[in-house]
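The structure appears right after this line, and notes come after that.
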Amino acid sequence: MFLRKELLLLLSILMLGSCVSRQQLTYFRSLSENDAKTINEQLPDLPEPTVKINDALIITVTALDPEAVLPYNLPSVSYATPTSSTEPTAASYQYYTVDAQGCIDFPVLGKLRVEGLTQSEVINLIQQKLQGQIVNPIVTMRFLDAKVTVLGEVKSPGNYSLNNGRMTLLEALGAAGDVTQYGRRDNVLIIRDVRGQLEFARLDLSTNDLFTSPYFYLQQNDVVVVEPNQARTTSNQSIGLWLSMVGTVASAATVVVSVLSISK
29 MFLRKELLLL
39 LSILMLGSCV
49 SRQQLTYFRS
59 LSENDAKTIN
69 EQLPDLPEPT
79 VKINDALIIT
89 VTALDPEAVL
99 PYNLPSVSYA
109 TPTSSTEPTA
119 ASYQYYTVDA
129 QGCIDFPVLG
139 KLRVEGLTQS
149 EVINLIQQKL
159 QGQIVNPIVT
169 MRFLDAKVTV
179 LGEVKSPGNY
189 SLNNGRMTLL
199 EALGAAGDVT
209 QYGRRDNVLI
219 IRDVRGQLEF
229 ARLDLSTNDL
239 FTSPYFYLQQ
249 NDVVVVEPNQ
259 ARTTSNQSIG
269 LWLSMVGTVA
279 SAATVVVSVL
289 SISK
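So in this note's numbering, the last one in the sequence shown is 292, and the numbering has no gaps at all.
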């Protein structure tokens, strides 16, 4: 009888600890159709990603005369498959890594400072440098392996590529499978590195203020952390209590059995 009561008590604790209210799981609880106009008026300009130190950039120069642009492009690297070492089967663009001074070493043009520039600004900079050297140059640039990291109480934590160098917090959480029922939606942490200095921001997914936050649009190398809620903490504590009680009951039962055996 004693063991049965203890088991019922522990099961009740576990069930209570794992309860999460519907309100805690709801995004933008006060959002309505009438809020759209107000939010749109407060929205900042859609940010264009800027180049940061250690970014990898793929930059290509093209023109009507292909021979004229060859010196201004890094050569592509061909790779052979493990089963064939004679003929290359795949090619990969080489890239420019932004050094600690915020510069890239560009063929012929030399050192170019690109840190803090947007994609369009980098393109304009190189096009201006090429004027007089190439007729009607066309420059393209994209970020290589730009990503954000999502950690904590999401279904699939990990690194996720930025789409065209841009991703919202909601898109990042969606890519990670959404916040679990044990994640805090009212206190999502954003960690951002700005020239070696860390910035921290905490966002509430239940309020409309999220849309006008400067951290709503993520930047490359941002880290998103979803903290556990009280239900997760209580659940973990309950499991520990459960294991402790089971061990205690088992030890007591062993003692009782031993005593009864001796009495016989």
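Where a beta carbon is used, it is the ideal one built from N, C-alpha and C, also for glycine.
Short Cβ contact (7 Å threshold) for residue 168 with residue 76
no
Leaving out five residues on either side along the sequence, give the residues of the same chain with a beta carbon under 6 Å from the beta carbon of residue 134.
140
For residue 153 and chain D, any beta-carbon pair shorter than 7 Å?
No chain D appears in the structure shown, which is made up of a single protein chain.
Pick from 212, 189, 129 and 88 that is closest to residue 234, judged by C-alpha positions
212
Would you call the region 155 to 166 in contact with the region 204 to 220, where contact means no fewer than 3 C-beta pairs closer than 8 Å?
no
So which of 225, 93, 91 and 87 has the shortest CA-CA distance to residue 103?
87
If you run the structure through DSSP and keep just helix, strand and coil, what is residue 175?
strand
Between which two residues does the alpha helix (DSSP H) harbouring residue 152 extend?
147 to 158
Quick check on the DSSP output: what are the complete alpha helix (DSSP H) runs of length 4 or more inside the region 184 to 266, in order along the chain?
197 to 203
Express the C-alpha separation of residue 79 and residue 143 in angstroms, rounding to a whole number.
5 Å
Under 7 Å between the Cβ atoms of residue 243 and residue 229?
yes
Do the region 181 to 191 and the region 213 to 225 make contact, defined as three or more Cβ pairs closer than 8 Å?
no
Using the three-state DSSP reduction, which class does residue 98 fall into: helix, strand or coil?
helix
Does the Cβ-Cβ distance between residue 254 and residue 180 come in under 7 Å?
yes
Where the beta strand (DSSP E) through residue 89 begins and ends:
84 to 90
Measure the C-alpha to C-alpha separation of residue 239 and residue 93 and round it to an integer number of angstroms.
47 Å
Here's the rule: buried if 16 or more other CB atoms are within 10 angstroms of the residue's CB, otherwise exposed. What is residue 136?
exposed
Beta-carbon proximity of residue 174 to residue 123, cut-off 7 Å
no
For residue 156, count neighbouring Cβ atoms within 10 angstroms of its own Cβ and tell me buried if that reaches 16, exposed if not.
exposed
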